[in-house]
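Everything in the sequence shown is counted per the working numbering, starting at 29 for the first residue and increasing by one.
We put the beta carbon where it would ideally sit given N, CA and C, even for glycine.
Remember, it's a predicted structure, so these values are computed and weren't measured experimentally.
See structure below.
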Amino acid sequence: MAVVGSTPPGDSERADGSVSAARAAEEIGAALAVRGCDLMVYSSSPAFLEHHVVTGYLAGAPISARSIRVRPPFDHPRIDFAEMNQHEEAFEVRHEAGEDWEVAFYRSLSEVQGIVLIGGGRTTLVTAMVGLAFEIPLAPVATFGGGARKAWETLGRVRNQATEDEISDLGAGWRPGSGERVVEILLEQRRRRLTQQRQREEGRRSQARRAGLGLLVGTVMLLAALATIPLTYATTGSASLNLTALILGSLLAAISGAITRTSVDRGGDWYRASALGMAAGAVAFLLFVTAQLATSPDILAGAGARRLLFFVVSVGFIAGFTSDAVYAKLRQQDVLDMSGLNSAVTSPTAAEEEPGGQ
């Protein structure tokens, strides 16, 4: 977990007698240690709250080695926590490249599983924006003002993984147990985030499984459609058998084409694609075969039906693969073109144009 913020001026002597931000930071550090969380800090300067968080963290429950991760910029390596002499094994110091501490700071946010914001200014508010953008659990403590207060207001609008009750608790005044509550809110957001990630991952795996199954079914359908060709050549089929082979070949190829298109587009609803592809294949089959019958009425009874099957399977696959374009085209056309009939009805006859026509 990362803790970000600065110590307000005169923080140790608050006029209203309430808990100071420094004391609150110590309580949060102790709560993080109790819950077994690692800590990410950036400076040991008393001007920043990390100093107090580390003090509370080391004063809490027993901690594991290298659980306090310090990320200072290379050219400003001021790391002199008072506790380092007694708990040297607890610190892991990794100097980041460059002299700009902000670069090292924002880069490190990709490693954290939660961010606590207390006081601070522009950087604290920007940190909240980064956390919200990358769905990092966020706990801005509003009672101490500064950038954390603005971050809390932003969290109330965006929500992220936080609930209304959690946002309300983060905006309440500091009281006994607030440190534990802040850490609990972070961990609850992290749990929800992990649940959402698992659900998205499961959704992607489920979609991949459906796509794989669809490709398998599409391949089987295509092989079945192609099998109708040698089947008709192996038998001395009648017109009814040839027609059955033509229909099956066309529909099976259309289903295969629709499923293939769905897989190419990385879609998972190949059941719907199969139904739409089959309907498009049926329409394409009827239009194609009707045109052949109009010119050769006896084509189904002879060897021409076998040759026609090659075209029907190809036309069916293309119709299924481009079924969306087929339906779009059908929606743009009238079912029956009545323009010729309308012209015949409205145009006057030659007899009517002549004077005295009967």
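Straight-line CA distance for residue i to residue j?
{"i": "Q141", "j": "A161", "result": "14 Å"}
{"i": "V363", "j": "L304", "result": "Its pLDDT being 48, under 50, V363 is placed unreliably in this model, and the coordinates cannot settle the point."}
{"i": "L328", "j": "I257", "result": "14 Å"}
{"i": "D108", "j": "G207", "result": "25 Å"}
{"i": "V31", "j": "R226", "result": "26 Å"}
{"i": "A271", "j": "G231", "result": "Reading off the sequence shown, one finds Leu at residue 271, where the question assumed Ala. Cα-Cα distance, rounded: 43 Å."}
{"i": "S34", "j": "L244", "result": "60 Å"}
{"i": "T263", "j": "A253", "result": "17 Å"}
{"i": "F339", "j": "D293", "result": "26 Å"}
{"i": "R334", "j": "M249", "result": "19 Å"}
{"i": "R51", "j": "L222", "result": "31 Å"}
{"i": "A156", "j": "A58", "result": "23 Å"}
{"i": "T83", "j": "F172", "result": "19 Å"}
{"i": "Y261", "j": "L241", "result": "31 Å"}
{"i": "S186", "j": "A118", "result": "Sequence check: residue 186 is Val here, not Ser. About 36 Å."}
{"i": "R238", "j": "W298", "result": "8 Å"}
{"i": "G332", "j": "Y355", "result": "30 Å"}
{"i": "E181", "j": "M306", "result": "54 Å"}
{"i": "S268", "j": "T290", "result": "33 Å"}
{"i": "L183", "j": "A353", "result": "45 Å"}
{"i": "E229", "j": "Q235", "result": "10 Å"}
{"i": "L67", "j": "G199", "result": "23 Å"}
{"i": "T323", "j": "R233", "result": "52 Å"}
{"i": "Q320", "j": "A255", "result": "22 Å"}
{"i": "L251", "j": "Q224", "result": "40 Å"}
{"i": "D326", "j": "S266", "result": "11 Å"}
{"i": "L259", "j": "L314", "result": "21 Å"}
{"i": "R209", "j": "K178", "result": "20 Å"}
May I ask which residues mark the beginning and end of the beta strand (DSSP E) holding residue i?
{"i": "L67", "result": "L67 to V69"}
{"i": "G147", "result": "I143 to G147"}
{"i": "E116", "result": "Per DSSP, E116 belongs to no beta strand (DSSP E) and is neither H nor E."}
{"i": "V98", "result": "I96 to V98"}
Less than 8 Å between the C-beta atoms of residue i and residue j, yes or no?
{"i": "G277", "j": "L337", "result": "yes"}
{"i": "A310", "j": "S351", "result": "no"}
{"i": "L137", "j": "V158", "result": "yes"}
{"i": "V62", "j": "A89", "result": "yes"}
{"i": "A176", "j": "G148", "result": "yes"}
{"i": "V81", "j": "E54", "result": "yes"}
{"i": "A301", "j": "A286", "result": "yes"}
{"i": "G174", "j": "T151", "result": "no"}
{"i": "I96", "j": "V69", "result": "yes"}
Please confirm if residue i has its CB atom under 8 Å from at least one CB of chain C.
{"i": "F76", "result": "No chain C is part of this structure, which consists of one protein chain only."}
With respect to the alpha helix (DSSP H) encompassing residue i, which residues constitute its N-terminal and C-terminal limits?
{"i": "P258", "result": "S206 to A262"}
{"i": "T163", "result": "It is Glu, not Thr, that sits at residue 163 in the sequence shown. Unbroken run through E163: none, as it is neither H nor E."}
{"i": "R51", "result": "A49 to V62"}
{"i": "A267", "result": "A267 to V292"}
{"i": "W180", "result": "G174 to V186"}
{"i": "S342", "result": "G332 to F349"}
{"i": "W202", "result": "It is not in any alpha helix (DSSP H) - W202 carries neither H nor E in the DSSP assignment."}
{"i": "F109", "result": "Taken as a continuous stretch (DSSP letters only), F109 belongs to no alpha helix (DSSP H), as it is neither H nor E."}
{"i": "L304", "result": "W298 to T323"}
{"i": "E78", "result": "E78 to A87"}
With distances taken Cα to Cα, identify the nearest neighbour of residue i among the options.
{"i": "I56", "options": "T191, A156, S291 and W202", "result": "W202"}
{"i": "R416", "options": "I164, T264, S234 and T182", "result": "What the structure shows of the chain is the stretch from 29 to 386, and residue 416 is not part of that stretch, so it cannot be assessed."}
{"i": "F316", "options": "A356, L274 and T290", "result": "L274"}
{"i": "S48", "options": "G64, P204 and Y355", "result": "P204"}
{"i": "H115", "options": "R135, A87, F133 and H123", "result": "A87"}
{"i": "S73", "options": "C65, V98 and I91", "result": "V98"}
{"i": "G64", "options": "Y85, G199, R228 and Y134", "result": "Y85"}
{"i": "T288", "options": "G348, L67 and A179", "result": "G348"}
{"i": "P101", "options": "Y134, H79 and L77", "result": "Y134"}
{"i": "R218", "options": "H123, S234, G199 and N188", "result": "N188"}
{"i": "E124", "options": "T323, S71 and D66", "result": "S71"}
{"i": "L60", "options": "F76, D326 and I91", "result": "I91"}
Original post:
Are at least three pairs of beta-carbons, each pair with one atom in the stretch 184-196 and one in the stretch 211-218, less than 8 Å apart?
Top reply: yes
Original post:
Is it a yes or a no for the stretch 267-284 touching the stretch 336-352, going by three-plus beta-carbon pairs under 8 Å?
Top reply: Enough Cβ pairs lie closer than 8 Å, so yes.
**OP:** Evaluate the contact criterion for the stretch 131-149 versus the stretch 160-178: three or more CB pairs, one atom per stretch, below 8 Å.
**Re:** yes
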